[in-house]
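Quick notes on the structure that follows.
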Amino acid sequence: MNPVFKQVGIVGAGAMGRGIAQIAAQAGSHVVMVDMQNGAAESAQVAIHAQWERMCERGKVDAIQLASFKTRLRCAESLGGLAHCDLIVEAVVERLDVKAHLMSELESLVQAGTVLASNTSSLSVTAIAAGLKRPEQVAGFHFFNPVPLMKVVEVIAGLKTATSVCAALADYARQMGHTPVKAMDTPGFIVNHAGRAYGTEALRIVNEGVADFATVDRILKDQIGFKLGPFELMDLTGLDVSHPVMEAIYHQYFEEPRYRPSAITAQRLAGGLLGKKSGAGFYAYDAGVAQLSSEPSVPHVDEIPPVWVSPRAARRVELLGLLRDLGAKIETGASPSTLALTLVAPLGFDITTVAVVERLDPARTIGIDMMVDDASSKRRVLATNPATRQDMRHAAHALMARDGKSVSVIKDSGGFVSQRVVAGIVNIGSDICQQGICTPADLETAVTLGLGYPLGPLALGNAYGPTNMLEILFNMQTVYGDPRYRPSPWLRRRGAIGLSLLHQED
Ligand code: NAI
C-alpha cells in the first residue's frame, strides 16, 4: 500500500471524523485524531477498533490486517500532534468562524506542502480559506454519513485552490475505496444542491391539498422507483437536519424560487415533530416502525361507462391499449358522447385547463398520468378537477384497478405528482450542469451514490424524455405563474431539439 497521503490528521472525532479516520487507516495511512473535548478522540478510537473487529469476525479483513489497521490509528492531545501530517481533514462543528480559526492555527503548525481539507457540508471553502497565507492548499473533502458505507466524496476547489491539491485528494479518495466527484465551491456543492427538488416539490403538492403525504410517497416509490418517499426520507433524516439545509441553500442562492422551503416543515420543526428520532414525524412510529394507514379501497361500480380518450393525450396509443386490456368500451368519435367517461393525459397542464381548452364536460373529465410507461409502473395515478362527478371518479378508479394494479386518485394539479417531482429534479440537475458546478457524469455519480436515487437527474430526464420534461415545466409555469418552474437553459436547449441531457458541448 502506498497511500497518496502517508500521515493524516483528523480534527473533530465525532460521527464524521471517526468515519474518515477509519477509511484513511484502512487505505494505509498513519492517522492521528484530535478533538477539543476530553476523551472524545479516545472513544472514537475504541469505536473504530470495535468496527474493525466486527469486520474481522465477518471475514472481511484478516487478523494481520486488523493488527496493522490498529497500529496506524492513534490520538493526540492537541493540534501540535499533527505538525508532521501531509493531509489534515477537519470535521469539527459547522461554523465558519470555528473552521476558519482552526485552519489558520493548523497552517501555522504544518509544512508548506500540507493539504488542509474541510468536511463542511454547507460552508464556502473559499471563505474558510480566505484569511490564510496559503489558500491554494485548502480544499473541501465532503464525505457522507456513515462514511464507510457512503462511497462517494465531493472534492471541492475554492477559488484559490491548486488543481494539484484536488487531484491528490481525488486519488486518495479512490485509495480509500470511494468515488470522488469534483465540485465547484457553490452552496450545497452537488449532492445537497441536486437533492432540493425531491422534498420541496413534494411539500408543495401536500401544501396545495393535491394529495396527502402518504399518497405522495406511494406514488413516487411505485411509479419512479425511489426507495424512500420524500416524507419517509424527511422522517429518517429528521427535520432538525433537513429543514435548516432547505433554508440555508435557499438563502445562499439569494432566494432563488427553485429552492424555496416550505412552511409545513418550519412549523413541524418548531412543534418537535422531527421524524423517527422523536417518535413522530409525518408518520407515527411504534418501536421505530412507521405506522402506515391503509389505502382507500377500490369503489364498487356496477357498470363502467364507455371511455373516450382525448386525441392530445400523452402516450395515447399505449393508453388505448391499456383500456382495451382492461376491457373498457372505447368511444372512437371526434368528441365524447353524453355518457362517456372522458380521459385526458396532459403533461404539466392541470385537468381543469385541459377540459376548458379542449371544450370537454369537466364533470366527466378525469386525468391520468401517462408520463410513466404503464407496463413499468406499479401504480396508476388519476386526477379529478373541481367539477368531476363522483360516479365518474369511481368508474375511472374501478376501471383502472381491474387488473389489480394500485390506483391513487389525487386532486387537480399542474403536472400530477411524478411529473412535478421528476421535472423538478431534472431541472435542478440541468442547472447544476449549466452553471458548470460539475460535469454531467459526476452529477449522475454523486446523486445515485449520495442520494440513492434510482437514476441520476439527467438519466431520469432522458428516461422520461427531455422534450417531455421541458413541456411539463413550460405548462406548469403557465398553470402556477411561478418562476420556480422556469426551465434551466441546459434543459431548454437540449429538450427543444430532443438531445440527451447528458450531452456536453466541447
Ligand atoms: P459531531 O458533533 O458528531 O462531531 C464534531 C466533533 O468536533 C465533536 O467531537 C466536537 O467535540 C469536535 N470539535 C468541535 N469544535 C472543535 C474544535 N475547534 N477543535 C477540535 N474539535 C472540535 O459532528 P459531525 O456530524 O461529525 O459533523 C462534523 C462536520 O462534518 C460538520 O462540518 C458537518 O457539517 C459535516 N458533515 C456532517 C455530516 C453528517 O451527516 N453528520 C455529513 C457531511 C458533513
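In this note's numbering, the protein residues as written are -17 to 488. Ideal Cβ placement from N, Cα and C applies to all residues, glycine included. Note that the coordinates shown come from a computational prediction; the quantities given were computed from them, not determined experimentally.
Item	Value
M166 by DSSP, collapsed to three states: which one?	strand
Just checking D79 against the ligand NAI - is the residue's beta carbon closer than 7 Å to any of the ligand's heavy atoms?	no
Indicate whether the contact test is met: 3 or more Cβ pairs, each with one atom in the region 300 to 309 and one in the region 377 to 384, closer than 8 Å.	yes
Touching or not, the region 151 to 165 and the region 127 to 138, by the rule of three or more beta carbon pairs under 8 Å?	yes
Taking I46 as the reference, which of W34, R56, T96 has the closest Cα?	W34
Could you tell me which residues DSSP pairs with I392 in its beta bridges?	A365
Can you confirm whether the region 203 to 211 touches the region 357 to 370 when touching is taken to mean that 3 or more C-beta pairs between the two stretches lie within less than 8 Å?	yes
Flag this pair as yes or no: are the beta carbons of R250 and T182 separated by less than 8 Å?	no
Report the three-state DSSP secondary structure of M15 (helix, strand or coil).	strand
Candidates M352, M216, S25: which alpha carbon is nearest V291's?	M352
May I ask which residues mark the beginning and end of the alpha helix (DSSP H) holding V429?	422 to 433
Determine the direct distance from the alpha carbon of R402 to that of G463, and round the result to whole angstroms.	14 Å
Rounded to the nearest angstrom, what separates T197 and K115 at their Cα positions?	54 Å
Rank A179, L88, M216 by C-alpha distance to the C-alpha of G406 and give the top, closest one.	A179
For the ligand NAI, I want to know if L84 counts as a neighbour, meaning its beta carbon is within less than 7 Å of at least one of the ligand's heavy atoms.	yes
Taking 7 Å as the cut-off, does the CB of G(-4) come closer than this to any heavy atom belonging to the ligand NAI?	yes
What is the rounded straight-line gap between the Cα of E229 and the Cα of L78?	17 Å
I'd like to confirm something about E76: is its beta-carbon nearer than 7 Å to some heavy atom of the ligand NAI, or not?	yes
Pick helix, strand or coil for Q417, following the three-state DSSP scheme.	coil
Between A168 and the rest of its own chain, which residues show a CB-CB distance below 6 Å, the 5 nearest in sequence each way excluded?	According to the sequence shown, residue 168 is Thr rather than Ala. For T168, where only same-chain residues beyond five positions count, the Cβ hits under 6 Å are I419.
Would you list the one or two residues that DSSP bridges to W290?	T324
Compute the Euclidean distance between the alpha carbons of G191 and F125, then round it to the nearest angstrom.	37 Å
Would you say the beta carbon of H225 comes nearer than 7 Å to a heavy atom of the ligand NAI?	no
Is any heavy atom in the ligand NAI found nearer than 7 Å to the beta carbon of T108?	no
In the DSSP assignment, find the unbroken alpha helix (DSSP H) run with D222 in it and report its ends.	221 to 234
With DSSP run on the structure shown, which of helix, strand or coil describes E72?	strand
If you drop the 5 nearest sequence neighbours on each side, which residues of the same chain put their C-beta closer than 8 Å to that of V340?	The displayed chain sequence assigns Glu, not Val, to residue 340. Closer than 8 Å at the Cβ level, and outside the excluded window around E340, lie S292, R294, V326.
Would you grab the beta carbon distance between L433 and V129 for me? Rounded to a whole angstrom, and I think it's under 8 Å.	Incorrect: roughly 16 Å between the Cβ atoms, too far for contact.
Does DSSP put I410 in a helix, in a strand, or in coil?	helix
With a threshold of 7 Å on Cβ separation, who are the neighbours of K(-12) within its own chain once the five nearest residues in sequence on each side are excluded?	S11, H12, D68
Pull up the distance between the alpha-carbon of K142 and that of M85, whole angstroms please.	15 Å
Which one of G263, I(-8), V28 has the shortest CA to CA distance from E72?	I(-8)
Thinking C-beta only, is E214 closer than 8 Å to D199?	yes
With DSSP run on the structure shown, which of helix, strand or coil describes Q93?	coil
For R56, which residues of its own chain have a beta-carbon under 6 Å away from its beta-carbon, when the five flanking residues on both sides are left out?	V14
Buried or exposed for T320, going by 16 or more other Cβ atoms inside 10 Å?	exposed
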